[in-house]
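Colleague: Note that the UniProt record's numbering gives residue 209 to position 167 of the sequence shown, counting from 1, and the numbers run on in steps of one.
In this text, a Cβ means the ideal position worked out from N, Cα and C, and glycines have one as well.
All of these numbers come straight from a predicted model, not from anything done at the bench.
Right, I'll just put the structure down here and ask away after.
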Amino acid sequence: RTKLGLAKSSPVSNKSPGHDDLNSPFISQSGVGVGIESTISNTPLVLIKSLSEHTGCTILGKCEFLNGAGNSPKDRVALSIINKAEAEGLLTPHSGDTIYEGTVGSTGISLATLARARGYKAHILMPSDQATEKSDLLVKLGAIVERVTPAPIVDQMHFVNRARNLAKDHTANPQKPGRGLFADQFETDANWRAHYEGTAPEIHEQTDGKIDAFVAGAGTGGTISGCAKYFKEKLGANVQVVLADPQGSGLYNKVKHGVMFHGLEREGTRRRQQVDTVVEGIGLTRSTRNFEIGSDHIDDAIKITDGQARKMARWLCEKDGIFVGSSSSVNCYAAVKTALQLGPGHTVVTILCDSGMRHLSKFWKQVGDVDGEEDMTFEDLMK
Ligand code: PMP
Numbered sequence: 043r044t045k046l047g048l049a050k051s052s053p054v055s056n057k058s059p060g061h062d063d064l065n066s067p068f069i070s071q072s073g074v075g076v077g078i079e080s081t082i083s084n085t086p087l088v089l090i091k092s093l094s095e096h097t098g099c100t101i102l103g104k105c106e107f108l109n110g111a112g113n114s115p116k117d118r119v120a121l122s123i124i125n126k127a128e129a130e131g132l133l134t135p136h137s138g139d140t141i142y143e144g145t146v147g148s149t150g151i152s153l154a155t156l157a158r159a160r161g162y163k164a165h166i167l168m169p170s171d172q173a174t175e176k177s178d179l180l181v182k183l184g185a186i187v188e189r190v191t192p193a194p195i196v197d198q199m200h201f202v203n204r205a206r207n208l209a210k211d212h213t214a215n216p217q218k219p220g221r222g223l224f225a226d227q228f229e230t231d232a233n234w235r236a237h238y239e240g241t242a243p244e245i246h247e248q249t250d251g252k253i254d255a256f257v258a259g260a261g262t263g264g265t266i267s268g269c270a271k272y273f274k275e276k277l278g279a280n281v282q283v284v285l286a287d288p289q290g291s292g293l294y295n296k297v298k299h300g301v302m303f304h305g306l307e308r309e310g311t312r313r314r315q316q317v318d319t320v321v322e323g324i325g326l327t328r329s330t331r332n333f334e335i336g337s338d339h340i341d342d343a344i345k346i347t348d349g350q351a352r353k354m355a356r357w358l359c360e361k362d363g364i365f366v367g368s369s370s371s372v373n374c375y376a377a378v379k380t381a382l383q384l385g386p387g388h389t390v391v392t393i394l395c396d397s398g399m400r401h402l403s404k405f406w407k408q409v410g411d412v413d414g415e416e417d418m419t420f421e422d423l424m425k
């Protein structure tokens with residue numbers, strides 16, 4: 043037994059250890075959580091001071107990068123997917139079961155971390171145009187990582203199709219231990235539900251329901267759909283839901299005009315990048331079940347260029363000491379535009395998805411060093 047009174051080796055059972063199994067005198071008395079899972083959710087909501095001062099609005103950022111397993115909102119989703127699969131008997135800890143997923147990185151990192159904590163293997167398929175720190179991290183976490191050339195969704199080599207096929211092959215192969223589970227973040231209800239049951243109610247409670255707008259990008263659509271559905275059910279037309287879409291994505295046109303046109307290459311042609319932007323994690327050139335679930339609740343969309351995202355990343359670091367990645371920068375730029383449209387006195391909530399540390403080799407390389415540069419004015423930022 044360790045100092046905390048926990049059994050040294052985790053019990054091998056077909057049930058993940060819960061409070062009852064561990065029998066620690068500290069648990070439930072002193073705020074000691076059980077395992078890394080206990081650091082997921084209940085993230086802080088912070089006032090972004092510089093943006094609030096310049097717009098006259100209250101601009102709030104939900105610090106999803108403080109989820110403690112994989113450090114992004116995807117911790118909520120990965121935990122929801124694994125819990126559901128365990129409840130349905132599709133995953134059994136320490137049985138050789140392997141979780142397969144196609145991901146631009148964040149979901150893979152959350153799944154690989156929780157796979158370690160729960161006794162599974164992780165096999166992650168990633169497009170090759172994403173920042174290398176994410177695949178390096180996945181390797182350190184013990185996941186099998188394949189970087190796949192970006193391809194259209196109709197191609198069997200598309201990272202999502204490849205993950206689905208590998209999971210199926212694993213389960214069908216008697217030589218392989220355990221089963222293969224395709225996590226399926228784009229289509230599974232476990233994704234948007236994690237935000238409907240977690241992220242959104244937390245924001246509602248943290249603001250006493252005083253929200254005029256919610257702004258977020260969509261990678262699978264789980265965050266915006268789960269939150270949009272919850273806020274519209276609670277607050278009706280009093281809350282505006284706004285999609286923050288990076289350049290190269292087709293979702294802006296879907297929200298604005300009801301068509302999925304992205305002005306980029308057509309399906310069936312090889313493309314160099316999944317979506318033509320330096321931004322990672324948001325933007326789609328197809329719709330998904332997780333986007334469709336909430337799309338009727340999305341009131342407006344704002345397109346953000348890579349240049350605007352870079353400026354916002356620099357601004358947040360320079361003025362507020364908030365060091366975030368590219369999707370958070372897109373979210374914040376769209377939050378400011380929404381605040382300026384609404385006018386002073388309104389409250390706008392957005393998501394701070396992940397840290398700039400995940401983006402040093404790609405996005406932040408383009409942003410450059412903040413120190414030593416001229417002070418950026420708000421007019422420069424919004425130009
Ligand atoms: N930001 C980052 C860094 C992400 O990886 C993702 C998911 N790919 C998102 C935002 C978007 O979240 P969602 O999948 O819920 O739309």
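1. Identify whether Pro216 lies in helix, strand or coil by the three-state DSSP scheme.
2. Is Gly323 near Ser148, with beta carbons less than 8 Å apart?
3. Using CA atoms only, rank isn't needed, just tell me which of Val202, Arg328, Arg160, Thr213 is closest to Ser80.
4. Is it the case that the CB of Thr262 approaches a heavy atom of the ligand PMP more closely than 7 Å?
5. Please report how far the alpha carbon of Arg204 lies from the alpha carbon of Leu167, in whole angstroms.
6. At which residues does the alpha helix (DSSP H) containing Gln350 begin and terminate?
7. Give a yes or no on whether the C-beta atoms belonging to Phe420 and His200 are separated by under 8 Å.
8. With a threshold of 7 Å, establish whether the CB of Cys105 neighbours any heavy atom of the ligand PMP.
9. With a threshold of 7 Å, establish whether the CB of Ser123 neighbours any heavy atom of the ligand PMP.
10. Under DSSP, the alpha helix (DSSP H) around Leu156 begins and ends at which residues?
11. Can you look up Ile245 in the DSSP assignment and give me helix, strand or coil?
12. Quick check: the region 216-223 against the region 182-194, are there 3 or more CB pairs under 8 Å?
13. DSSP on Arg328, reduced to helix/strand/coil?
14. In angstroms with no decimal places, state the Cα-to-Cα distance between Asn295 and Ala260.
15. Alpha carbon to alpha carbon, what distance is there between Lys126 and Lys176?
16. Compute the Euclidean distance between the alpha carbons of Gly325 and Val119, then round it to the nearest angstrom.
17. Which ranges does the beta strand (DSSP E) cover as unbroken runs of at least 3 residues, wholly within the region 215-301, from first to last along the chain?
18. In the structure shown, what three-state DSSP assignment does Cys99 receive?
19. Ordered along the chain, which non-local residues of its own chain (more than five positions away) have a Cβ less than 7 Å from that of Phe365?
20. I need the straight-line Cα distance from Trp406 to Ala173, nearest angstrom please.
21. Nearest by alpha-carbon distance to Met162: which of Asp197, Val202, Leu121 is it?
22. For the ligand PMP, is there a heavy atom less than 7 Å away from the beta-carbon of Asp171?
23. Under the criterion of a Cβ to heavy atom distance below 7 Å, does Val284 qualify as lining the ligand PMP?
24. Short check: CB of residue 35 to CB of Thr230, under 8 Å?
25. Checking the sheet assignment: what are the DSSP bridge partners for Cys105?
26. Note the first and the last residue of the continuous alpha helix (DSSP H) segment covering Glu421.
27. Going by C-alpha distance, which of Asp171, Val391, Asn84, Asp117 is nearest Ala258?
28. Contact between the region 264-281 and the region 241-254 is defined here as three or more beta-carbon pairs at a separation below 8 Å; is this criterion met?
29. Which word fits Val181, buried or exposed, when buried means at least 16 other C-beta atoms lie within 10 angstroms of its C-beta?
30. With a threshold of 16 other CB atoms inside 10 Å of the CB of Ser403, please say whether the residue is buried or exposed.
31. Can you tell me the Cα-Cα spacing of Thr311 and Gly112, whole angstroms?
32. Around the Cβ of Gly268, are there at least 16 other Cβ atoms within 10 angstroms (buried) or fewer (exposed)?
33. In this structure, how does DSSP classify Asp342 when only helix, strand and coil are distinguished?
34. At a cut-off of 7 Å, would you count Ser148 as near the ligand PMP, judging by its Cβ distance to the nearest heavy atom?
35. Say yes only if the C-beta of Gly367 is nearer than 7 Å to one or more non-hydrogen atoms of the ligand PMP, and no if none qualify.
Modeller: Once the coordinates are examined:
1. Here residue 216 refers to the residue found at position 174 when the sequence shown is read from its first residue. DSSP places Pro216 in coil when its eight states are reduced to three.
2. Reading the sequence shown from its first residue, position 281 is the one you call residue 323. Reading the sequence shown from its first residue, position 106 is the one you call residue 148. In this structure, Ser148 lies closer than 8 Å to Gly323 by Cβ.
3. In the sequence shown, residue 80 corresponds to position 38, counting from 1. Nearest option by C-alpha distance: Arg160.
4. Working through the sequence shown from its first residue, we reach residue 262 at position 220. Checking the Cβ of Thr262 against the ligand PMP gives yes.
5. If you number the sequence shown from 1, residue 204 lands on position 162. If you number the sequence shown from 1, residue 167 lands on position 125. About 7 Å.
6. Counted from its first residue, the sequence shown places residue 350 at position 308. Element bounds for Gln350: 348-362.
7. Within the sequence shown, numbered from 1, the residue matching residue 420 stands at position 378. Within the sequence shown, numbered from 1, the residue matching residue 200 stands at position 158. It is not a contact, given that the beta carbons lie outside the stated cut-off.
8. In the sequence shown, counting from the first residue as 1, residue 105 sits at position 63. With a threshold of 7 Å, the Cβ atom of Cys105 does not count as near the ligand PMP, since no heavy atom of the ligand is closer than that.
9. For the purposes of this step, residue 123 is taken as the residue at position 81 of the sequence shown. Reading off the sequence, residue 123 comes out as Ile, not Ser. Result no, Cβ not under 7 Å from the ligand PMP.
10. Here residue 156 is taken as the residue at index 114 of the sequence shown, counted from 1. Looking at the DSSP string, the run of the alpha helix (DSSP H) that includes Leu156 is 148-160.
11. Translated into the one-based positions of the sequence shown, residue 245 becomes position 203. It is helical.
12. No, they do not touch.
13. Residue numbering aside, residue 328 sits at position 286 when the sequence shown is read from its first letter. The three-state reading of DSSP puts Arg328 in coil, since its state is none of H, G, I, E or B.
14. As a working note, residue 295 is residue 253 in the sequence shown. As a working note, residue 260 is residue 218 in the sequence shown. Roughly 13 Å separates the two Cα atoms.
15. By one-based count along the sequence shown, residue 176 stands at place 134. By one-based count along the sequence shown, residue 126 stands at place 84. Straight-line Cα distance between these residues: approximately 26 Å.
16. Translated into the one-based positions of the sequence shown, residue 325 becomes position 283. Translated into the one-based positions of the sequence shown, residue 119 becomes position 77. Spanning the two alpha carbons is a distance of roughly 18 Å.
17. 222-224, 255-258, 282-288
18. Locating residue 99 in the sequence shown gives position 57, where the first residue counts as 1. In this structure, Cys99 counts as coil in the three-state DSSP scheme.
19. In the sequence shown, counting from the first residue as 1, residue 365 sits at position 323. Within the same chain, Phe365 has close Cβ partners Cys359, Ser397, Gly398.
20. One-based indexing of the sequence shown puts residue 406 at position 364. One-based indexing of the sequence shown puts residue 173 at position 131. So the alpha carbons of these two residues sit roughly 10 Å apart.
21. Taking the sequence shown and counting its residues from 1, the one referred to as residue 162 is at position 120. Met is not the amino acid found at residue 162; the sequence shown has Tyr there. The residue with the shortest Cα to Cα distance from Tyr162 is Leu121.
22. Here residue 171 refers to the residue found at position 129 of the sequence shown. No, the Cβ of Asp171 stays beyond 7 Å of every heavy atom of the ligand PMP.
23. Counting from 1 along the sequence shown, the entry for residue 284 is found at position 242. No; taking the cut-off as 7 Å, the Cβ of Val284 has no heavy atom of the ligand PMP nearer than that.
24. Because the chain in this structure spans residues 43 to 425, residue 35 falls outside the shown range and cannot be described.
25. For this step, residue 105 is matched to residue 63 along the sequence shown. In the DSSP assignment, the residues bridged to Cys105 are Leu394.
26. By one-based count along the sequence shown, residue 421 stands at place 379. Per DSSP, Glu421 belongs to the alpha helix (DSSP H) from 420-424.
27. Here residue 258 corresponds to residue number 216 of the sequence shown, with the count starting at 1. Comparing Cα positions, the closest option is Val391.
28. yes
29. As a working note, residue 181 is residue 139 in the sequence shown. Counting Cβ neighbours within 10 Å, Val181 comes out exposed, since fewer than 16 surround it.
30. Taking the sequence shown and counting its residues from 1, the one referred to as residue 403 is at position 361. Exposed.
31. The residue given as residue 311 occupies position 269 in the sequence shown. The residue given as residue 112 occupies position 70 in the sequence shown. Note that Thr311 has pLDDT 43, beneath the 50 cutoff, so the model's placement of it is unreliable and the number below is only indicative. Looking at the two C-alpha atoms, the distance is approximately 34 Å.
32. What you label residue 268 is simply residue 226 of the sequence shown in a count that begins at 1. Under the 10 Å beta carbon count, Gly268 is surrounded by 16 or more other beta carbons and is classified as buried.
33. If you number the sequence shown from 1, residue 342 lands on position 300. Strand at Asp342.
34. Here residue 148 refers to the residue found at position 106 of the sequence shown. True, at least one ligand heavy atom lies under 7 Å from that Cβ.
35. The residue you call residue 367 lines up with position 325 of the sequence shown. Gly367: yes, Cβ under 7 Å from the ligand PMP.
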